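See below for the structure under consideration.
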Amino acid sequence: EAGVTQFPSHSVIEKGQTVTLRCDPISGHDNLYWYRRVMGKEIKFLLHFVKESKQDESGMPNNRFLAERTGGTYSTLKVQPAELEDSGVYFCASSQAETAPGELFFGEGSRLTVL
Amino acid sequence: AQSVTQLGSHVSVSEGALVLLRCNYSSSVPPYLFWYVQYPNQGLQLLLKYTTGATLVKGINGFEAEFKKSETSFHLTKPSAHMSDAAEYFCAVSDREDTGNQFYFGTGTSLTVIP
Chain A
1 EAGVTQFPSH SVIEKGQTVT LRCDPISGHD NLYWYRRVMG KEIKFLLHFV
51 KESKQDESGM PNNRFLAERT GGTYSTLKVQ PAELEDSGVY FCASSQAETA
101 PGELFFGEGS RLTVL
Chain B
1 AQSVTQLGSH VSVSEGALVL LRCNYSSSVP PYLFWYVQYP NQGLQLLLKY
51 TTGATLVKGI NGFEAEFKKS ETSFHLTKPS AHMSDAAEYF CAVSDREDTG
101 NQFYFGTGTS LTVIP
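Spelled out as structure tokens, the structure:
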């Protein structure tokens, strides 16, 4: 069974440009999460989808970040325009609908560098 | 809001020595507790978790952790370090009352194993 996959693994862009990160969750997982780790700091929650609906987006930093999950399958996270402080590793995780706590499956992360 | 403290961003141990990675949480109600590991170029992998029951939890690769309510701690240990244990370790908590299963992570501890 394929795990959570994220693309790209690494993106280097200039300030003001746009970047779109993609996450493909494990097939059948209704819950999809985005997290971010800024260098040296903790991994922080960004938002949570249940199928195609945003369940909780309280962690989104500002309106330059837009997450979508059309059809309840893969998800994209767009940063537009990117700022220097957006640099970090963006993790995606998924889980089944009725799951014991902690059964989150993480992808390898997408490292974003904004110059 | 929950917070997680991992003492020591970098820990070095000799091969065969005891591994002790510390984690404390702040919550009046004991949360669900987890340890995740990230090996180089890989995603976060669940090592072990505590949800209920026995406070000493055994995980993969010989790791275990003990939940101590009085100390609000969930330290990770392994009796004998192996070179393959070199990785970054994250402690995380999830609120028992949060059906969204949002995780709060510590800043991570990078473990180096010296031959």
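Residue numbers (my numbering), protein chains in the order written: chain A, 1 to 115; chain B, 1 to 115. Using N, Cα and C, we set each Cβ at its ideal position, and we do this for glycine too. All values derive from a computational prediction rather than experimental measurement.
(1) Can you tell me whether G28/A is buried or exposed? The criterion is at least 16 other CB atoms within 10 Å of its CB, across all chains shown.
(2) Can you name the residues that DSSP bridges to K78/A?
(3) Quick one: is I117/A buried, meaning 16 or more other Cβ sit within 10 Å of its Cβ, or exposed?
(4) Residues in the stretch 37-54 of chain B with C-beta within 8 Å of chain A's C-beta atoms, listed in sequence order?
(5) Rounding to the nearest angstrom, what Cα-Cα distance links L77/A and R36/A in this structure?
(6) Roughly how many angstroms separate the alpha carbons of V19/A and P31/B, rounded to a whole number?
(7) So T52/B is in the beta strand (DSSP E); what residue range does that whole segment cover?
(8) Taking only beta-carbon atoms, is K41/A less than 7 Å away from chain B?
(9) Helix, strand or coil, according to DSSP, for E66/B in the structure here?
(10) Going by C-alpha to C-alpha distance, which of V12/A, N31/A and S9/A sits closest to Q96/A?
(11) Pull up the distance between the alpha-carbon of S9/B and that of I26/A, whole angstroms please.
(12) Tell me the DSSP bridge mates of A93/A?
(13) In chain A, what lies closer than 7 Å to F90/B by C-beta?
(14) For T109/B, does the count of other Cβ atoms within 10 angstroms reach 16, so buried, or fall short, so exposed?
(15) Using a C-beta to C-beta distance shorter than 7 Å, which residues of chain B count as neighbours of V38/A?
(16) Residues of chain A with CB closer than 7 Å to the CB of Q2/B, please, in chain order.
(17) Short of 6 Å in beta carbon distance, which residues of its chain neighbour V89/A, apart from the five on each side in sequence? Order them along the chain.
Let me lay it out:
(1) exposed
(2) T20/A and L66/A
(3) In the structure displayed, chain A extends from 1 to 115; residue 117/A sits before or after that span and is not available.
(4) N41, Q42, G43, L44, Q45, L46, K49 and T51
(5) A straight line joining the alpha-carbon of L77/A with that of R36/A spans about 11 Å.
(6) 35 Å
(7) Per DSSP, T52/B belongs to no beta strand (DSSP E) and is neither H nor E.
(8) yes
(9) strand
(10) N31/A
(11) If you take the alpha carbons of S9/B and I26/A, they lie about 31 Å apart.
(12) Y33/A and F106/A
(13) I43
(14) Using a 10 angstroms sphere on the CB of T109/B, the tally of other CB atoms reaches 16 or more, which defines it as buried.
(15) What V38/A touches in chain B: nothing, since even the nearest Cβ is about 10 Å away.
(16) Those within 7 Å of Q2/B in chain A number zero; the least Cβ separation is about 10 Å.
(17) R37, G109 and R111
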